[in-house]
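Report on the structure given below.
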Amino acid sequence: MSEQPAEKPTSYAANLEAARREKLRKIEEMGFDPWGQRFDDHQPIGEIRNRENEIVVEPAGECEIGKPPQQHGPKVRAAGRIILRRPSGKVHWLQIHDGSGTVQVMIGKNQVGEKNWELAQCFDLGDIIGVDGEFHRTMKGELTIFAEDLHFLCKSLEPPPEKWAGLNDPDLRQRMRYVDLIHTGGVLERFLRRTKIVQSIRNTLNGRRFVEVEGPTLHAIAGGAAAKPFTTHHNALDIDLYLRIALELHLKRLLVGGIERVYELGRVYRNEGISPRHNPEFTMLEVYQAYGNYETMMELTEALIVEAIRASGQDLKLPWGDGQIDFTPPFVRKTYDELFAEHAGVPPQDTAAVKTLAEKIGFDTKGKHADVVKSEVFEEKVEPALRGPIFVTDYPASVCPLTKRKKSDPQVAERFELFIQGMEVANAYTELNDPDLQEELFTKQLDGLPEEESMARMDRDFIRALRHGMPPAGGLGIGIDRLVMLLTNTQTIREVILFPLLRPEA
RNA sequence: GAGGUUGUAGCUCAGUCGGUAGAGCAACGGACUUUUAAUCCGUAGGUCUCGGGUUCGAGUCCCGACAACCUCACCA
């Protein structure tokens, strides 16, 4: 087997690395471990900064003339990455950074001793160090750890991005998210806020006695949504499988099985386009509540969102681009037909007029069910106009094969979607639990839709489950990534997903 | 999948009409014990994304490929 010769890096990049490797060698020579060891009892930098009130300034009378007033502060120990260096003769100023914040460190030759001073000569931007010292302000008022002892925790062999502009190329930022998190302002904070939102959602549900479960992600039948699945293969069983496109059908099986309040918060995969609002894998919450209906789910949706906003430390009026979104409950509720009349300018019951409008927009209406045509016009004319938050209720039954019909009008499904800034954020039903009707809807394809675009994919085991009796229930799905976008004022889904899908590097 | 924009040093960016490749930061050497994107002096660093073509001559013009971003389509 012939090894390919290692690709020679450009000579300049090699020089940058060689300089760092030379310092690494010196660090080792001095007896320090360039890759560090266990380092106990350090405090998060954010907490250290909060100890500012422990700083005492000597009374002015005791000051020597021409010298700044003496300060004393707590002894602290910090660990962090060097993100800025200002060497100035026999004193070096550093900014070190950890997940909780940034603090200045002063290293004075006479204060840290000869060996530490030699070590400090080997620091590069990006290295991780430990510092013991006293925490107080400089003459100019900057909160600073005045180093008394230094520890080397990790060498960095790669140069960091430009210190002021940082990483700007969105490709590099997503590919090297680790660099982005360190050097791009607000990125780490946004992802930590995402975590708080997700935690809050779990807390809200757990507090209402919902049970979290983990369904299968490999499905023999990719059901529960209208989407193109990823396919994969299991070798030992020699069967093709799909990555799940929804959580729905297995969670409903658990309703049959007696888990009366159940949810899953997990990843689903859809083999479709990529856009500022779409990533091939995304995080979905689905919740099912026995003996509830879609109105129960509306109240729950409001609670989940309002609690998440509070938990992430924000006001119910959130900034969004140049404007803001007001999440004060209750959210506006309007029916599909009301909104259709309002924004499409055509009576929703007038099938012929809706068809004419659809053709005027440029849609092909041939052989399509009237409700499908209406739904296309709705998506074109109404959805983009919905600033929200607004619950759109009572959809045409024929486009909702998993939803229970209204008792008073079987043409209307008990369903709502929550729209915010033109984005569909949540989707909920009163769940259909009539096995015969469900089987009929699975069998009868929606008029004019190819199978892969239809939700009506036959799942015999699911029908069998329904035949055992599923309690009447409300069900809810929330696109977590989109919700996080809205709650963090982020206009692209790629900035709320740590590692969005990218083409592999050449 | 279609259209548009972009691709130059490790990073952020200039580069005029086609005529020897530029800056800042980072790096390296030197000065500096209160700096704040430290400052000052000096040095080094380039397969101009890749492959063709036109031309005496291409970072620049043309064709193709690759990648990112934006818009649209599919979709949540």
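Going by the working numbering, the first residue of the first sequence is number 33, and it counts up by one from there.
Note that the Cβ used here is the ideal one computed from N, Cα and C, for glycine as well.
Check residue i in the structure and name its three-state DSSP category.
| i | result |
| --- | --- |
| Ile115 | strand |
| Ala340 | helix |
| Leu279 | coil |
| Pro416 | helix |
| Asp212 | helix |
| Asp403 | helix |
| Asn521 | coil |
| Val528 | coil |
| Phe223 | helix |
| Phe474 | helix |
| Gln206 | helix |
| His375 | helix |
| Asn153 | Checking the sequence, you will find Gln at residue 153 rather than Asn. DSSP places Gln153 in coil when its eight states are reduced to three. |
| Ser120 | strand |
| Pro351 | strand |
| Met329 | helix |
| Arg241 | coil |
| Phe71 | coil |
| Gly511 | strand |
| Lys392 | helix |
| Gln136 | strand |
Can residue i and residue j be called in contact, C-beta distance under 7 Å?
| i | j | result |
| --- | --- | --- |
| Glu280 | Gly298 | no |
| Val528 | Arg226 | yes |
| Ala373 | Val409 | no |
| Tyr320 | Leu287 | yes |
| Ala152 | His129 | no |
| Glu166 | Lys107 | yes |
| Ala445 | Ala429 | yes |
| Leu283 | Glu318 | yes |
| Asp513 | Thr315 | yes |
| Leu126 | Arg113 | no |
| Tyr86 | Gly105 | The identity of residue 86 in the sequence shown is Glu, whereas the question assumes Tyr. In this structure, Gly105 lies closer than 7 Å to Glu86 by Cβ. |
| Lys406 | Val378 | no |
| Leu371 | Val414 | yes |
| Val294 | Val230 | no |
| Thr176 | Gln136 | yes |
| Phe451 | Ile495 | no |
| Ile277 | Ala259 | yes |
| Ala179 | Ile139 | yes |
| Pro467 | Arg492 | no |
| Met517 | Asn465 | no |
| Leu157 | Ile233 | no |
| Pro539 | Thr524 | Any answer about residue 539 is impossible in this case: the structure gives the chain only from 33 up to 538. |
For residue i, which residues of its own chain have a beta-carbon under 8 Å away from its beta-carbon, when the five flanking residues on both sides are left out?
| i | result |
| --- | --- |
| Arg489 | Ile253, Ala254, Gly255, Phe474, Glu483 |
| Gly290 | none |
| Asn148 | Ile139, Ala179, Asp181, Leu182 |
| Leu273 | Leu250, His251, Ala252, Thr263, Thr264, His265, His266 |
Throw me the rounded Cβ distance for the residue i and residue j pair, which I believe falls under 8 Å.
| i | j | result |
| --- | --- | --- |
| Arg222 | Leu534 | Not confirmed; about 19 Å, so no contact. |
| Ile80 | Ala110 | 6 Å |
| Ser132 | Gly78 | 3 Å |
| Thr425 | Tyr368 | 7 Å |
| Val338 | Pro362 | 10 Å between Cβ atoms; not a contact. |
| Val285 | Ala497 | The identity of residue 285 in the sequence shown is Arg, whereas the question assumes Val. That pair is a contact at about 5 Å. |
| Lys122 | Lys141 | 4 Å |
What residues in its chain sit with their C-beta under 6 Å from that of residue i, if we drop five residues either side in the sequence?
| i | result |
| --- | --- |
| His310 | none |
| Gly301 | Per the sequence shown, the amino acid found at residue 301 is Tyr instead of Gly. Around Tyr301: Phe262, Leu275, Glu313. |
| Ile306 | none |
| Pro532 | Gln206, Asn311, Arg526 |
| Ala38 | Because the pLDDT of Ala38 is 34, which lies under 50, any placement of that residue in the model is unreliable, and the number read from its coordinates should be weighed accordingly. Excluding residues within five positions, none has a Cβ falling inside 6 Å. |
Can you name, in chain order, every residue of its own chain whose Cβ lies under 7 Å from the Cβ of residue i, other than the five neighbours on each side?
| i | result |
| --- | --- |
| Glu391 | Thr397 |
| Pro193 | Leu199, Val211, His215 |
| Arg205 | Leu199, Asp212, Thr216 |
| Leu48 | Pro191 |
| Val219 | Asp212, Leu213 |
| Leu56 | Pro66, Lys187 |
| Arg419 | Gln453 |
| Pro442 | Ala429 |
Let me check you understand the geometry: is the CB of residue i closer than 6 Å to at least one non-hydrogen atom of the ligand NAP?
| i | result |
| --- | --- |
| Lys260 | Annotation note on the ligand NAP: not contained in the displayed structure, which lists no ligands. |
_I want to know whether the segment 258-268 touches the segment 233-240 - three or more CB-CB distances under 8 Å._
no
*Determine contact between the segment 247-261 and the segment 343-356, defined as no fewer than three beta-carbon pairs at a distance below 8 Å.*
no
*Quick one: any contact between the segment 492-508 and the segment 324-332, if contact means 3 or more CB pairs under 8 Å?*
yes
*Okay, do the segment 431-439 and the segment 337-347 touch, 3+ Cβ pairs below 8 Å being the bar?*
no
*Say whether the segment 179-188 touches the segment 157-171, bearing in mind that this needs 3 or more beta-carbon pairs closer than 8 Å, one atom from each stretch.*
yes
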